[in-house]
């Protein structure tokens, strides 16, 4: 127990210190994690060989990340990507394998080893690249989309590679290999122990694979929604989170059972659920787990670097790493030109994918187990993979500091495009939010609607409203709803404190956002004003004003006269709120706030006097209107 | 079969609490058979005029009367808004816009100034009929037959003397005559304005 706690303490401590510092220095979170790993591993020796085991668990972060990527990608978009996926991805993997293989053979390796090295090095790091692209908001750019296509193809390509590697086995190494058939990515090693496909011939395996994929797609499409709706009705946050985790784990497990990539499976499930109303909630539930596991993964990469071996072979490792990255970058640049990527996107694509990736670790250990690559060479190659990953954040910094400034103009134009797309987020779809949504929709404005009632959300969806289930007071949910791109946020929920929290958070994140907030009462108005809302609407004020109009009319006052009187009242009241807001102090209860109470009493008397005709200048606003010439107000 | 005409009085006065003259005229107009009296400021206190309702009203009446105080030589704002919205192209004028053509149109005006203000060299420099030419031309364009405005001058002083009594009695007779087709339109056309003293009313409807 203490051992576990100590480990958790060391890992968390390293992350908590290193990542914010790295971000502050503009290095990005990935480099922060890597450095944290190096510090606690090789440098301080606080963690040792157990990093290998932790790494297997941490790799699950990649699986979760692909699930999240899938959630962002509707099936139609995936289909639109098919040419990039196959063309760009296929060519990148194929060309890199060939060139690396040629290089390795030139360095005197036999073709089998050379080919295996080519396979290992052709892959890039999904974890680092996607994490960094998301962090920098470059995922939606052309360069980001192309990078994603290639990464997705690589994830799929790992499966045939795992099938190919045993065929390259060297007879003279075979005696040393333990023949343990570890497979796949993430939970792959565990899956290999339990399998549905051992002993099946090729076509049966294919059939089982197809059935598994069909189960994921069909289940995601037909079963998940009633299931999530049922769970949401329980109104227990943690159970929904558990269900989201269960979904990802179950799919990953199924995929490893049938020998497919768990990352691919969860990605597919994500795509299937991209249209679901639970999308944002799933995103926010999985996101923290993904973040932590990926962080852990990067730490283990840093911690796993064997500095002794590195310093003994410093020139060879550095030479190989730089040679490899140059070669990969050249292939990528060539493809970028062929596929007509321009400007910043071209360079983003070239620099982002030039490293070897976490799949490389998996393939390397697999090649050693299968007696394809001798262990001493594999150890060196492992260093090359780790070092190239370590250098990737530096390439992103190069992109930020050197490439972007030269292409600033292009980038600015891109940013404009996004703001034009900005839609309205409506938090809360009760009686209040519904009206706003209907007015906006019927006038052609896009809305994203969030509500905590799964039944309501389901109902709205039947009406064709883009409603999502979730608690809008959670910052992460607001973000997945598109806070960064939205031009308007309407906070229409019932809860007083949550409304204020949402406004505060949104204002902090988006200083230019227009925020309309629903206020319970005057005090709430003051709080929302301080929180930074642009327009504050007291939820019952306008309807009460209308009712009071009817009341005056019922006494026989002429409707136009009533309109004038009520307008005077409303003006007075709004002025009063502005005057009182200056005296309001959130730390003092209003009834103990003497200056506030004094002014409030004065104002109340003013209004009463004005409307009941007692004060000398009473009714003046009303009476002055349409006064016949030569008369004075009576 | 009912031979009488239907009369529509559209009344616009935002400061009704000050108007003795219009209060009395309103009382008169409200009590006559086949006269529909509409207080526009009561119906549309927030200026949201229901165009369809208003057009329907025009179609179901034969005589259209604007009853209003003269504000800056024109109608009060809501009555102007009413004209702008209700007298649509394709309804009241323009292509296919003959839906109200042939009806009679009469302004019933209360003016603050005495009659001698409303002449060349007078304080208002123009005759009342001249000042109301925009309204007259609006009627022409809509194919309405314009009747000289039935006018109470020096309306603010009228309640003090007997003029208001005579004017409102005249208003009653005028409304009844319009209903029964007893107003001599040719004779009325000769007059610059109609007053209680000059109403050209026949005893019997024209054969």
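Residue numbers (our numbering), protein chains in the order written: chain A, 1 to 634; chain B, 635 to 841. Using N, Cα and C, we set each Cβ at its ideal position, and we do this for glycine too. Computed from a predicted structure; not experimentally measured.
Query raised in the report: At a Cβ cut of 8 Å, what residues of the segment 561-573 of chain A count as close to chain B, listed as they run along the chain?
Result: Result list: 561, 562, 563.
Query - Length-filtered (4 minimum) alpha helix (DSSP H) runs lying within the segment 795-831 of chain B - result: Scanning the segment 795-831 of chain B for uninterrupted alpha helix (DSSP H) segments of 4 residues or longer gives 797-814, 819-824, listed from N- to C-terminal end.
Requested in this report: Tell me, please, whether the CB atom of residue 676/B is closer than 8 Å to any CB atom in chain A?
Outcome: Judged by the 8 Å Cβ criterion, residue 676/B is in contact with chain A.
Query raised in the report: With which residues is residue 701/B paired in a DSSP beta bridge?
Result: Per DSSP, the beta bridge partners of residue 701/B are 645/B, 742/B.
Query raised in the report: Straight-line CA distance for residue 778/B to residue 731/B?
Result: Whole-angstrom Cα-Cα distance: 12 Å.
Query raised in the report: What does residue 552/A reach in chain B if we use C-beta pairs closer than 8 Å?
Result: Under the 8 Å cutoff, chain B gives no residues; its nearest Cβ is about 11 Å from residue 552/A.
Requested in this report: Count the other CB atoms, across all protein chains shown, that sit within 10 Å of the CB of residue 776/B; report buried if there are 16 or more and exposed otherwise.
Outcome: Classification of residue 776/B: buried, given that the 10 Å Cβ count is 16 or more.
Requested in this report: Could you tell me which uninterrupted alpha helix (DSSP H) segments, each at least 4 residues in length, are contained entirely in the segment 301-325 of chain A, listed from first to last along the chain?
Outcome: The segment 301-325 of chain A contains these whole alpha helix (DSSP H) runs: 307-312.
Query raised in the report: Mind pulling the chain B residues with CB within less than 8 Å of residue 655/A?
Result: Residue 655/A cannot be examined here, being either before or after the span of chain A that is shown, 1 to 634.
**Report entry** Positions along the segment 786-800 of chain B whose CB lies within less than 7 Å of some CB in chain A
**Finding:** Identification of residues in the segment 786-800 of chain B having a C-beta nearer than 7 Å to some C-beta of chain A yields 790, given in sequence order.
Requested in this report: Assuming residue 301/A contacts residue 386/A (C-beta within less than 8 Å), just tell me the rounded distance between them.
Outcome: Yes, they are in contact, since the Cβ atoms of residue 301/A and residue 386/A sit about 6 Å apart, within 8 Å.
**Report entry** Opposing strand residues paired with residue 667/A [DSSP bridges]
**Finding:** Past the edges of chain A, shown from 1 to 634, lies residue 667/A, and the structure says nothing about it.
Query raised in the report: Are residue 333/A and residue 350/A closer than 8 Å when you measure CB to CB?
Result: Yes; because the gap between Cβ atoms is below 8 Å, this pair is in contact.
Report task. Determine whether the Cβ of residue 558/A lies closer than 8 Å to any Cβ atom of chain B. Result -> Yes - at least one Cβ of chain B is within 8 Å of the one on residue 558/A.
Requested in this report: Could you tell me whether any Cβ in chain A is nearer than 8 Å to the Cβ of residue 756/B?
Outcome: So, not an interface residue.
Requested in this report: Could you pull the start and end residues of the alpha helix (DSSP H) that residue 588/A belongs to?
Outcome: Per DSSP, residue 588/A belongs to no alpha helix (DSSP H) and is neither H nor E.
Query raised in the report: With burial defined as no fewer than 16 other Cβ atoms inside 10 Å of the residue's Cβ, what is the status of residue 285/A: buried or exposed?
Result: Within 10 angstroms of the beta-carbon of residue 285/A lie 16 or more other beta-carbons, which makes it buried.
Query raised in the report: Using a Cβ-Cβ distance under 8 Å, would residue 680/B count as near chain A?
Result: At least one beta carbon of chain A lies nearer than 8 Å to the beta carbon of residue 680/B.
Report task. Give a yes or no on whether the C-beta atoms belonging to residue 197/A and residue 208/A are separated by under 8 Å. Result -> Residue 208/A is positioned such that its CB atom lies closer than 8 Å to that of residue 197/A.
Query raised in the report: Does at least one heavy atom of the ligand GDP sit under 7 Å from the Cβ of residue 406/A?
Result: The ligand GDP is not part of the structure shown, which contains no ligands of any sort.
Query raised in the report: In its own chain, which residues sit with a C-beta less than 7 Å from the C-beta of residue 142/A, not counting the 5 before and 5 after it?
Result: The answer, listed in chain order, is 341, 345.
Query raised in the report: So what's residue 558/A in DSSP terms, helix, strand or just coil?
Result: Three-state DSSP puts residue 558/A in coil, outside helix and strand.
Report task. For residue 353/A, I'd like the list of residues in its chain whose CB is within less than 8 Å of its CB, leaving aside the five on either flank, ordered along the chain. Result -> Residues of the same chain with a CB within less than 8 Å of the CB of residue 353/A, apart from the 5 flanking positions on each side, are 92, 124, 129, 147, 150, 151, 328, 332 in chain order.
Requested in this report: Could you say which of 229/A, 540/A, 543/A, 444/A lies nearest to residue 465/A if we only look at CA atoms?
Outcome: Taking only the C-alpha atoms, the option nearest residue 465/A is 444/A.
Report task. Flag residue 645/B as yes if its beta-carbon sits less than 8 Å from any beta-carbon of chain A, otherwise no. Result -> Taking Cβ atoms only, chain A never reaches closer than 8 Å to residue 645/B, which makes this a no.
**Report entry** Where residue 781/B falls, given that 16 or more other Cβ within 10 Å makes a residue buried
**Finding:** Classification of residue 781/B: buried, given that the 10 Å Cβ count is 16 or more.
Query - Spatially closest choice to residue 642/B from 832/B, 824/B, 688/B, by CA coordinates - result: Checking every option, the nearest Cα to that of residue 642/B belongs to 688/B.
Report task. Would you mind working out which of 788/B, 827/B, 831/B, 820/B sits nearest residue 803/B, comparing C-alpha positions? Result -> The shortest Cα separation from residue 803/B among 788/B, 827/B, 831/B, 820/B belongs to 831/B.
**Report entry** C-alpha distance - residue 607/A paired with residue 558/A, whole-angstrom precision
**Finding:** So the alpha carbons of these two residues sit roughly 21 Å apart.
Query raised in the report: Once you ignore the five residues that flank residue 383/A on each side, which residues in its own chain have a CB closer than 6 Å to its CB?
Result: Excluding residues up to 5 positions away in sequence, 310, 317 lie with their Cβ nearer than 6 Å to the Cβ of residue 383/A in the same chain.
Query raised in the report: Is residue 225/A helix, strand or coil by DSSP?
Result: Three-state result, residue 225/A: helix.
Query raised in the report: Of all Cβ atoms in chain A, is any one closer than 8 Å to the Cβ of residue 652/B?
Result: Residue 652/B counts as touching chain A.
Report task. Within 10 angstroms of the Cβ of residue 518/A, are there 16 or more other Cβ atoms? Answer buried if so, exposed if not. Result -> Buried is the call here.
Query raised in the report: Nearest chain B C-beta to residue 628/A closer than 8 Å, yes or no?
Result: Taking CB atoms only, residue 628/A has a neighbour in chain B less than 8 Å away.
Report task. Leaving out five residues on either side along the sequence, give the residues of the same chain with a beta carbon under 7 Å from the beta carbon of residue 169/A. Result -> Excluding residues within five positions, the ones whose Cβ falls inside 7 Å are 370, 371, 372.
Query raised in the report: Within this structure, are the beta carbons of residue 47/A and residue 379/A separated by less than 8 Å?
Result: Cβ atoms of residue 47/A and residue 379/A: not closer than 8 Å.
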